[in-house]
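Residue 121 in the working numbering sits at position 120 of the sequence shown, and the numbers go up by one each step. Glycine residues also receive a C-beta, built at the ideal position from the N, C-alpha and C atoms.
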Amino acid sequence: MFSLPLRDGAVLRPLEVHHAEEFAAHMGRAREHIRPWVGAGFLSSDVEGARGTLRRYAERQAGDGGRLFGIWLDGTLVGGVMFTDFSTATELCEVGCWLEPAAEGKGLITPACELLLDWALVERGLHRAEWHCRADNARSAAVARRLGMTLEGVNRETWSYGGVRHDKQVWAVLAPEWRAHRGL
Ligand SMILES: CC(C)(COP(=O)(O)OP(=O)(O)OC[C@H]1O[C@@H](n2cnc3c(N)ncnc32)[C@H](O)[C@@H]1OP(=O)(O)O)[C@@H](O)C(=O)NCCC(=O)NCCS
């Protein structure tokens, strides 16, 4: 299976159904760290749940929709990036990401997202990529900023977690802006 280098010891690969056991073990390390910041449906708690997440993405990929990619650091699955939405009909996509705690702060996510955005906005010809995060998710907003995205607005009290309604930021980059950002 193909594997794209991100930096020393780190690669990006499709994350597929046959990775269910590895993905479940990774979720065991990541779950509580990412719980406040990602959709509840992504938080599997056993191998069957992990397989279900991977199967849902496989089915969406079969329809040229969402896609899921894992990041392996020195041979261990430590996180990933995904198209939570991808549509050639609307020419829009949305990118998401997560890491287990030990993999944070190593510069893995930004280059992984760059690969996804190159593919979506240059190779596949989509026009706009979005990034949604809780307004108090500073590390996620910092990735959007590093990717050259613009903070377009805040959806107020739209993200419920722990009995609190949080605001959600919407960041985006347009294809011409992305090409300029990447010097293409
Ligand atoms: C959001 C999240 C994926 C960001 O991870 P991250 O490690 O901060 O982001 P990157 O992989 O782009 O790495 C950037 C960090 O690595 C550091 N870094 C270390 N070596 C680096 C290198 N060689 N090159 C670039 N950056 C490097 C940067 O300084 C930066 O750290 P800093 O912000 O403390 O200065 C992570 O915080 C996470 O999983 N959070 C919980 C889940 C979540 O919020 N998901 C997003 C939902 S919207």
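Note to self: On the DSSP bridge list, what partners appear for ASP137?
What the structure shows: Beta-bridge analysis with DSSP links ASP137 to no other residue.
Next item on the list: Would you kindly work out how many angstroms separate the C-alpha atoms of ARG180 and ALA59, rounded to a whole number?
Entry: Going from the Cα of ARG180 to the Cα of ALA59 covers about 29 Å.
Notebook entry, point to check: With burial defined as no fewer than 16 other Cβ atoms inside 10 Å of the residue's Cβ, what is the status of THR89: buried or exposed?
Noted result: That one is exposed.
Check: How should THR85 be labelled, buried or exposed, when 16 other C-beta atoms within 10 angstroms of its C-beta is the threshold for buried?
Finding: Buried is the call here.
Next item on the list: May I ask which residues mark the beginning and end of the alpha helix (DSSP H) holding PHE24?
Entry: Per DSSP, PHE24 belongs to the alpha helix (DSSP H) from 21-35.
Note to self: Is LYS169 a contact residue of ligand 1, with contact defined as CB to any heavy atom under 7 Å?
What the structure shows: In terms of side-chain proximity, the C-beta atom of LYS169 is found no nearer than 7 Å to any non-hydrogen atom of ligand 1.
Notebook entry, point to check: Taking three-plus beta-carbon pairs below 8 Å as touching, is the region 71-80 in contact with the region 90-101?
Noted result: Touching, yes.
Next item on the list: Measure the alpha-carbon distance for ALA21 versus LEU122 and round it to whole angstroms.
Entry: Cα-Cα distance, rounded: 30 Å.
Next item on the list: Return yes when at least one heavy atom of ligand 1 lies under 7 Å from the C-beta of THR77, else no.
Entry: Using a cutoff of 7 Å, the CB of THR77 does not count as near ligand 1, since none of the ligand's heavy atoms is closer than that.
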